[in-house]
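What follows is a short report on a single structure.
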Amino acid sequence: MLATDRIAFVSSGTPEADAAAEALRTRYGNLPLEQAGVVVALGGDGLMLETLHRVMRLSIPVYGMNFGSVGFLMNGFSADGLVQRLDAAKPTDIFPLSMTVRDAVGATHEALALNEVSLFRASYQAVKIEILVDGHSRLDELICDGVLLSTPAGSTAYNLSAHGPILPINSSLLALTPISPFRPRRWRGAILSNHAEVTFRTREAAKRPVSAVADNVEFKNVLEVRVRENRDHKVTLLFDPGTGLEERVLSEQFRY
């Protein structure tokens, strides 16, 4: 049961979202995130992703109301009946990817990604990347602009733009998708178990620098990137009945 008497409101900072947040705070009260039982995020998908990262270690569910452009992760806005909507909302749990990076100076960095971990070329030259799955080399050399590993929740985001597959939200799968591949020409990616550990090793890194990004956290001049699903953390999104993420992901597969 949600603690709907303990709500925290966050806003994307646009005039419309800020005005709505202020009105809702006056009407329903407002608490700091650390004391809240549920968070209501007013903005777009970018704000939702940022908010989920903020509450990941607090285990607080997040209900979004759309003040952005796409709003794939958001519900429609209404100032009325918010407590009733929260009580009726259906939860969807998402587990993040854990990224461990070793860079050119030997330093190690870690970050979590709810959508995807991506590697990008950081100069005018294409990058060369070896891909290993569970310690076994599966692709000796991918020449490309980049490559990404996506969660089911992130499969409709950048992964889809890179022509990767849409994954059912409750599937135990990850999508491995190249970004503008040059060689091998016919390789279009792979669908992996969520138990797989994927390692990316860069080649000619000094000549062909690579950046690694976990959602919005970037590390430059990377030599090796290891990625796996992290079941020690999770976030919970709340959706109005009949409009959940599972239905939205399914519907996205039939858009034309």
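Using the numbering used here, the letters of the sequence shown correspond one by one to residues 109 to 364.
From the three backbone atoms N, C-alpha and C, an ideal C-beta is built for every residue, glycine too.
Here the structure is a predicted model, which is why all the values come from computation and not from measurement.
Identified DSSP bridge partners for residue i
i    : result
D211 : V330
L275 : Paired residue(s): none; L275 is not in a bridge.
H244 : V241
D201 : T344
N365 : Outside the modelled stretch of the chain, which goes from 109 to 364, sits residue 365, for which no answer is possible.
S206 : L220, R336
G254 : F228, I287
A116 : V147
Helix, strand or coil at residue i according to DSSP, with G and I counted as helix
i    : result
E249 : strand
S359 : helix
T216 : strand
L181 : coil
E124 : helix
R193 : helix
L155 : helix
A230 : coil
V263 : Inspection of the sequence shows that residue 263 is occupied by Ser rather than by Val. Helix.
T285 : strand
S167 : coil
A144 : coil
L139 : coil
Neighbour-count burial assignment, residue i, 16 or more Cβ in a 10 Å radius
i    : result
D211 : buried
E337 : buried
R339 : exposed
A116 : buried
R135 : exposed
V191 : exposed
R165 : exposed
H161 : buried
A221 : buried
N223 : buried
G243 : exposed
N278 : exposed
R293 : exposed
A213 : For clarity, residue 213 is Val in the given sequence; the question names Ala instead. That one is exposed.
beta-carbon residue i near the ligand HEM non-hydrogen atom, thresh 7 Å
i    : result
L346 : Absence of the ligand HEM from the depicted structure is noted, as is the absence of any ligand whatsoever, leaving it without description.
(message) I want to know whether the stretch 193 to 202 touches the stretch 231 to 247 - three or more CB-CB distances under 8 Å.
(response) Touching, no, given that fewer than three Cβ pairs across the two stretches are closer than 8 Å.
(request) Go through the stretch 289 to 340 residue by residue and report every complete run of the beta strand (DSSP E) that reaches 3 residues or more, in order. (result) Runs found: 298 to 301, 306 to 311, 318 to 322, 325 to 327, 330 to 337.
(request) Please determine if the stretch 220 to 227 and the stretch 324 to 336 are in contact, where contact requires at least 3 C-beta pairs separated by less than 8 Å. (result) Three or more Cβ pairs drawn from the stretch 220 to 227 and the stretch 324 to 336 lie within less than 8 Å of each other, which places the two stretches in contact.
(request) Report yes or no: do three or more beta-carbon pairs, one from the stretch 122 to 139 and one from the stretch 312 to 327, lie closer than 8 Å? (result) No: the two stretches stay apart, fewer than three of their Cβ pairs being nearer than 8 Å.
(message) Check whether the stretch 171 to 179 and the stretch 246 to 263 are in contact - that is, three or more C-beta pairs closer than 8 Å.
(response) Under the 8 Å Cβ criterion, the stretch 171 to 179 does not count as touching the stretch 246 to 263, having fewer than three qualifying pairs.
(request) Decide yes or no for the touch test of the stretch 282 to 290 against the stretch 256 to 270: beta carbon pairs closer than 8 Å, at least 3 of them. (result) Contact between the stretch 282 to 290 and the stretch 256 to 270 is present, because at least three Cβ pairs lie under 8 Å.
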